[in-house]
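One structure is given here, and the rest of the page talks about it.
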Amino acid sequence: MKDGAIILTPAPESLTGAFCGALKGVYGLNDEEADEYLRQERDSW
34 MKDGAIILTP
44 APESLTGAFC
54 GALKGVYGLN
64 DEEADEYLRQ
74 ERDSW
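For what it's worth, the numbering used here labels the leading residue of the sequence shown as 34, then goes sequentially.
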């Protein structure tokens, strides 16, 4: 909603393309941090 109006936009052709890069940095800022995050998550199972 913007200025009291609902703005509709068409759905993207590819959801993968639309969200590509959207979570950058969530699991770490580099490969090592992402690997450590995954290691910790797997250890918690």
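We put the CB at the ideal spot given by N, CA and C, even for glycine.
Check	Outcome
Distance, Cα to Cα, I40 vs S47?	20 Å
Just to confirm, are A67 and G61 a CB contact at a threshold of 7 Å?	yes
So, with DSSP's three-state summary, where would you put A38?	strand
For a test of the three-state rule: what should DSSP assign to Y70, helix, strand or coil?	helix
Figure out for me which residue from G50, L71 and A51 has the closest Cα to the Cα of V59.	L71
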